[in-house]
Amino acid sequence: MCQEILIDEIIQERKQGPVFLERSGTISCMSLRLLGRWAYAKDDSPIFFPSGLDDLESFIWVIFRVIIAHVKTSMNPDWLRVLKTQEKRSHWISRNGIVRIILTQDRNGPQYQEKAMIPFVPVLARLFRLSEDAAGACARMEGQRAQSLVSTRQNVDLFRDFYHKYLEILLHASEALPNRW
161 MCQEILIDEI IQERKQGPVF LERSGTISCM SLRLLGRWAY AKDDSPIFFP
211 SGLDDLESFI WVIFRVIIAH VKTSMNPDWL RVLKTQEKRS HWISRNGIVR
261 IILTQDRNGP QYQEKAMIPF VPVLARLFRL SEDAAGACAR MEGQRAQSLV
311 STRQNVDLFR DFYHKYLEIL LHASEALPNR W
């Protein structure tokens, strides 16, 4: 089961009554690593925890949603439909598809991108690649944590390195993106 991803409303509700299992407001922004673990968890699965790296990927999905809300493309209706899906497994599979589309468009170049998305695809691709690296780092950390081989200092250093990389990508991209989007 997934622990520590409760929002204030759920915590308050827990004090007053039953716990809600669905989190419709945040499922579309949850990291793919965390969503996949949650979607395929069994009742007897080991407890897993979100990390600061999951929060970084969540921010990418917020950015993605803002982009598709303001930059019109033929894929927007499909992408918005995916982000509204509440069934966890379908949502996880579909969002992985979005990542693959962005990475493929970036690899194949601007001629395979819709004109309105040309400034955004390279930035999103770099961010999604970094989030995949972060998911791998989380998996290694979980393995080390299970063996008590990871220290708080190592966590902080790892998180700081990834936060710097995210910020570097975003700051570099800010100069190339349109003024309004």
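Going by my numbering, the final residue of the sequence shown carries number 341, and the count climbs one at a time with no gaps. Virtual Cβ for every residue (Gly too), placed ideally from N, Cα, C.
Taking all protein chains shown into account, do 16 or more other C-beta atoms lie within 10 angstroms of the C-beta of Leu216, making it buried, or fewer, making it exposed? Locating residue 216 in the sequence shown gives position 56, where the first residue counts as 1. It is buried - the Cβ of Leu216 has at least 16 other Cβ atoms within 10 Å.
Within the continuous alpha helix (DSSP H) that includes Ser111, where are the two ends? Residue 111 falls outside the range modelled here, since the chain spans only 161 to 341, and no answer is possible.
Roughly how many angstroms separate the alpha carbons of Leu181 and Ala229, rounded to a whole number? If you number the sequence shown from 1, residue 181 lands on position 21. If you number the sequence shown from 1, residue 229 lands on position 69. With a pLDDT of 46 at Leu181, under the threshold of 50, the modelled position of this residue cannot be trusted, and the question is left open.
Exposed or buried, which one is Arg255 when buried takes at least 16 other CB atoms within 10 Å? One-based indexing of the sequence shown puts residue 255 at position 95. Classification for Arg255: buried.
Which runs of the beta strand (DSSP E) fall wholly inside the segment 293-327 and span at least 3 residues, in chain order? none
Which residues mark the beginning and the end of the alpha helix (DSSP H) in which Gln265 is found? Reading the sequence shown from its first residue, position 105 is the one you call residue 265. Element bounds for Gln265: 248-268.
By how many angstroms is the C-alpha of Asp266 removed from the C-alpha of Leu330? Residue mapping note: residue 330 aligns to position 170 of the sequence shown, counting from 1. Residue mapping note: residue 266 aligns to position 106 of the sequence shown, counting from 1. Distance between the alpha carbons of Leu330 and Asp266: 16 Å.
Could you name the residues of the same chain whose beta carbon sits closer than 8 Å to that of Ile278, not counting the 5 residues immediately before and after it, in chain order? To locate residue 278, count along the sequence shown from 1; it is residue 118. Excluding residues within five positions, the ones whose Cβ falls inside 8 Å are Pro270.
How is Ile223 classed by DSSP in three states: helix, strand or coil? Position 63 of the sequence shown, counted from the first residue, corresponds to residue 223. Residue state, collapsed to three classes: helix.
Kindly list the residues whose CB is nearer than 6 Å to the CB of Glu274, restricted to its own chain and excluding five residues on each side of it in sequence; keep chain order. Residue numbering aside, residue 274 sits at position 114 when the sequence shown is read from its first letter. Answer for Glu274: Thr233, listed in chain order.
Go ahead and label Asp214 buried or exposed: buried means 16 or more other beta carbons lie within 10 angstroms of its beta carbon, across all protein chains shown. Taking the sequence shown and counting its residues from 1, one reaches residue 214 at position 54. Buried, by the Cβ-count rule.
Going by beta-carbon coordinates alone, are Trp252 and Leu327 separated by less than 8 Å? Stepping through the sequence shown from its first residue, residue 252 is reached at position 92. Stepping through the sequence shown from its first residue, residue 327 is reached at position 167. No, Cβ-Cβ distance for Trp252 and Leu327 is not below 8 Å.
Does DSSP classify Asn339 as helix, strand or coil? As a working mapping, residue 339 is identified with position 179 in the sequence shown. Coil, per DSSP.
Would you call Lys248 buried or exposed, if buried means 16 or more other Cβ atoms sit within 10 Å of its Cβ? What you label residue 248 is simply residue 88 of the sequence shown in a count that begins at 1. That one is buried.
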